[in-house]
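Please read the structure below before turning to the comments.
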Amino acid sequence: MSRFGIAGVQMNVVAFEDNVERMHNYLRHIRARFPWVRMVLFSELAPLGPRHEAEPLPGPTEERLCALARDSGLWLIPGSIFEKAAGPAGDVVYNTTSVINPQGEVIRRFRKLFPFRPYERDVAGGSDFCVFDVPEIGRFGVSICYDMWFPETTRTLVAMGAEVILHPTMTDTIDRDVELAIARASAVTNQVYFFDVNGVGDGGPGRSIICDPSGYVLHQAAAGAEIMPIDVDLAKLRLEREHGLRSNLGQPLKSFRDRDVDFDVYLKGGTADAYLQSLGPLVKPE
């Protein structure tokens, strides 16, 4: 099998209320209306909103989300919640998404690599990348919101074999137009399907975008609540990775693999990193 149905849900997210039952209603509707869909992706911080208290994982909200996946028989990427974890100097908070299989089991957890500071000034960044396999289909990668702004994140996931990037976001700022360009560029420069799903209401202004490995926009949402079912074709993706995007044009993955240059900017404290170090610390809010 090479075709696989994924539905992004651009849902109205309420900051100070529980949104899990609304997610449940979407899953039931998708199961009935789009029976070919096998995976559902919600926006960043969708279950409990952007202002909730952190919870341990596993924990009560994750257990409820597992029940939703089990009840619907769908793969579920429920956006994210703030996770409270024990650290060497006390509790640490992460922005974490769970990957839940149709049996209601958490098979991966991913901690956002680049918290959006200063908003997430009390949130720690994760250090591990997240890929997972859907049996007989292919490999999927997960990133969250601001992670997309750093092309190394998508490049690493693709180098780990990801063919689809699942990217929940909560962009409620005036740079959403820039992110549309980043999502499309991320898809084509990495020859990967890219699902960038934003929220509405307290979860953002919508405008989710889904792009294919050739950089074509498969769907761009407007500002309201919306279900975005897409049938991805991984046979097409593999053919284009072999022969070039849009039939026989660029082969960026092979070209990157066969590069003659090393990028010293990735060595902290190296010569190419000197200017970046001179910029000083992140500016904090007044």
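Counting from 1 along the sequence shown, just add 51 to a position and that's the residue number in this note's numbering. For each residue, glycine too, the CB sits at the ideal point set by N, CA and C. A quick note: this is a predicted structure, and the numbers were derived from the prediction, not measured.
For residue j and residue i, believed in contact at Cβ under 8 Å, the rounded distance
i    : j    : result
L119 : M52  : Not really, about 24 Å apart at Cβ, beyond 8 Å.
G250 : M62  : 6 Å
I132 : F93  : With a Cβ gap of about 11 Å, I132 and F93 do not count as contacting.
K163 : G141 : Incorrect: roughly 20 Å between the Cβ atoms, too far for contact.
G110 : A66  : Going by Cβ atoms, the distance from G110 to A66 rounds to 20 Å, so no, they are not a contact pair.
G257 : A274 : 4 Å
Q242 : E203 : Actually they do not touch by this definition, with Cβ atoms about 16 Å apart.
V64  : D253 : 5 Å
Local conformation of residue i per DSSP, three classes
i    : result
W87  : coil
V157 : strand
V312 : coil
S149 : strand
P219 : strand
I233 : helix
Y77  : helix
Y170 : coil
A210 : helix
V71  : helix
V239 : helix
R162 : strand
R258 : coil
D228 : helix
D198 : helix
7 Å Cβ shell around residue i - same chain, five flanking residues per side excluded
i    : result
D284 : S53 and R54
G212 : V182 and R190
R297 : S265
Among the options, nearest to residue i - alpha-carbon criterion
i    : options                   : result
R206 : I188, T222, V174 and V239 : V239
V143 : R160, V174, E113 and V157 : V174
D184 : K163, M90, Y145 and A325  : M90
A210 : E72, G138, L304 and R172  : L304
T222 : E72, T204, E291 and C196  : C196
L125 : L96, V157, L108 and E277  : V157
A236 : G252, V268 and T220       : V268
I81  : R172, V60 and D253        : V60
Own chain, CB closer than 8 Å to residue i, minus 5 neighbours either side, in chain order
i    : result
A234 : M199, H218, F245, D247, I260 and C262
I225 : none
T322 : D315
D179 : F161 and R162
F167 : C196 and Y197
Own chain partners of residue i with C-beta closer than 6 Å, once the 5 adjacent residues on each side are dropped
i    : result
G192 : V182, L208, A213 and I216
F161 : T148, C181 and V193
W87  : G56
C117 : I151 and G155
P107 : K135
Cβ-heavy atom distance, residue i to the ligand SAH, below 7 Å
i    : result
D173 : The ligand SAH is not among the ligands present in this structure, which contains no ligands whatsoever.
Item to check | Start-end ranges of the beta strand (DSSP E) lying completely within the segment 268-325, minimum 3 residues | outcome: 268-271 and 277-284
Checklist entry - In chain order, which continuous runs of the alpha helix (DSSP H) of length 4 or greater are located wholly inside the segment 87-149? => result 111-123
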